[in-house]
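Chains as they are written, first to last, in the numbering used here: chain A, 1 to 117; chain B, 1 to 111.
In this text, a Cβ means the ideal position worked out from N, Cα and C, and glycines have one as well.
Encoded as structure tokens, the structure appears first; notes follow it.
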Amino acid sequence: KAGVTQTPRYLIKTRGQQVTLSCSPISGHRSVSWYQQTPGQGLQFLFEYFSETQRNKGNFPGRFSGRQFSNSRSEMNVSTLELGDSALYLCASSLAAAASSYNSPLHFGNGTRLTVT
Amino acid sequence: DAKTTQPPSMDCAEGRAANLPCNHSTISGNEYVYWYRQIHSQGPQYIIHGLKNNETNEMASLIITEDRKSSTLILPHATLRDTAVYYCIVRVVGAGNMLTFGGGTRLMVKP
Chain A
1 KAGVTQTPRY LIKTRGQQVT LSCSPISGHR SVSWYQQTPG QGLQFLFEYF
51 SETQRNKGNF PGRFSGRQFS NSRSEMNVST LELGDSALYL CASSLAAAAS
101 SYNSPLHFGN GTRLTVT
Chain B
1 DAKTTQPPSM DCAEGRAANL PCNHSTISGN EYVYWYRQIH SQGPQYIIHG
51 LKNNETNEMA SLIITEDRKS STLILPHATL RDTAVYYCIV RVVGAGNMLT
101 FGGGTRLMVK P
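This is how it looks when you write it as structure tokens:
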């Protein structure tokens, strides 16, 4: 079974631009979460989607947004890029819904490394 | 979610068991203990999780103390490929996928 696929693997953008990152979850997984990883802040939760609905959102500005499609694939968008947005953006998928009592592990992709210059 | 405390770094000789401790003294009854590891330039990899019983899979064993205030991840025969940052996380059942990662333990397996 293929793992979580994130595209592109690397991206270089300029301050003020916007960027869209893509995530294809493991087949059959309906929950997708996004995380940002930086050397200073570590891994931080951005948001979580299930059945095209955002279930949880982390403490990030409104410039960070996401969506999920009916096939469970997800995208996240960052508008008006800042230098501090340079990070590894990780997508994770799991079987269970956010409100499910079933505790299923998250499986992460290898991320998109975004550099803002 | 409960906070976890892990040593920042550990060394282990290749072929020996690596025992990685985690303190989660404020864990609640409905919180699971999860372990992930992250090898440089890759995403975190799920290893194992448990509630109160010891667990074992093909990758590792998880030992949780009876009071559930601490746990140990055991890699029985560490290899150089096990060199990574290991994260211990507690997660509430049914609370979604908002995991809180701490600093983790950087395990260095040496030949």
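Counting only beta-carbon separations shorter than 8 Å, does residue i have a partner in chain A?
i	result
GLY15/B	no
TYR114/B	In the structure as shown, chain B starts at 1 and stops at 111, and residue 114/B therefore has no counterpart that could be examined.
So which residues of chain A does residue i contact, with C-beta pairs closer than 8 Å?
i	result
MET98/B	SER33, PHE45, GLU48, ASN56 and GLY58
According to DSSP, what are the bridge partners of residue i?
i	result
ALA13/B	LYS110/B
GLN18/A	GLN18/A pairs with nothing; no bridge assigned.
PRO62/A	First, the amino acid is wrong: residue 62/A is Gly here, not Pro. None, per the DSSP bridge assignment.
HIS29/A	Paired residues: none, contrary to the question.
ARG67/A	GLU75/A
LYS13/A	VAL116/A
LEU81/A	Answer by DSSP bridge pairing: none, since LEU81/A is not bridged.
GLU52/A	None; GLU52/A has no bridge partner.
ALA96/A	Paired residues: none, contrary to the question.
GLN44/A	GLN36/A
LYS57/A	PHE47/A
LEU90/A	TYR35/A
THR100/B	The partner list for THR100/B (beta bridge, DSSP) is empty, contrary to what the question assumes.
Using alpha carbons as the reference points, say which of the options lies closest to residue i.
i	options	result
ASP85/A	PHE50/A, TYR49/A, GLY62/A and THR7/A	GLY62/A
ALA84/B	LEU73/B, LEU62/B and VAL109/B	VAL109/B
HIS107/A	GLY50/B, ARG37/B and MET10/B	ARG37/B
SER51/A	TYR35/A, PHE60/A, SER31/A and GLY42/A	SER31/A
LEU46/A	SER72/A, THR80/A, ALA92/A and ALA96/A	ALA92/A
ASN57/B	SER41/B, LYS69/B, ARG68/B and TRP35/B	TRP35/B
PHE69/A	GLY42/A, THR38/A, PRO105/A and SER24/A	SER24/A
THR5/A	ILE26/A, ILE12/A, ARG15/A and THR20/A	ILE26/A
ALA78/B	PRO111/B, THR5/B and ARG68/B	PRO111/B
ASN59/A	THR53/A, GLY109/A and GLN44/A	GLN44/A
ILE47/B	LEU75/B, MET10/B, THR65/B and ASP11/B	LEU75/B
ARG73/A	LYS1/A, ILE12/A and LEU21/A	LEU21/A
GLU14/B	ARG81/B, ARG106/B, TYR86/B and THR65/B	ARG81/B
ASN23/B	ASN97/B, ILE63/B, GLY96/B and GLY94/B	ILE63/B
GLN42/B	TYR10/A, LEU95/A and LYS1/A	TYR10/A
TYR87/B	THR105/B, VAL93/B, MET98/B and ALA95/B	THR105/B
PRO21/B	GLU31/B, MET10/B and ILE27/B	MET10/B
GLU55/B	VAL90/B, SER71/B, ASP67/B and ALA17/B	SER71/B
GLY3/A	ARG67/A, ASN77/A, MET76/A and SER94/A	SER94/A
SER61/B	LEU73/B, GLY50/B and LEU51/B	LEU73/B
Which chain A residues sit within Cβ distance under 7 Å of residue i?
i	result
GLY43/B	LEU90, PHE108, GLY109, ASN110 and GLY111
GLY29/B	Result: empty, since nearest Cβ-Cβ is about 13 Å, beyond 7 Å.
So, does the CB of residue i fall closer than 8 Å to a CB anywhere in chain B?
i	result
SER94/A	yes
Determine the chain B residues that contact residue i at a beta-carbon separation under 8 Å, and present them in chain order.
i	result
PRO25/A	The premise fails here: PRO25/A is roughly 12 Å from chain B at the closest Cβ pair, so nothing lies under 8 Å.
PRO105/A	TYR34, TYR46 and HIS49
Strictly below 9 Å CB to CB, what residues from chain A border residue i?
i	result
GLY50/B	What GLY50/B touches in chain A: nothing, since even the nearest Cβ is about 10 Å away.
Name the chain B residues whose beta carbon is nearer than 7 Å to that of residue i?
i	result
GLY42/A	PHE101 and GLY103
Does the distance between the C-beta of residue i and the nearest non-hydrogen atom of the ligand FMN fall short of 7 Å?
i	result
ASN19/B	In terms of ligand content, the structure shown is empty, and the ligand FMN therefore cannot be addressed.
Unbroken beta strand (DSSP E) runs of length 3 or more, entirely within the segment 64-97 of chain B: which are they?
Fully enclosed beta strand (DSSP E) runs of 3 or longer: 70-75 and 84-92.
Runs of beta strand (DSSP E) wholly within the segment 7-52 of chain B (minimum 3 residues, chain order)
For the segment 7-52 of chain B, the full-length beta strand (DSSP E) segments reaching 3 residues or more read 9-13, 18-23, 31-38 and 45-50 along the chain.
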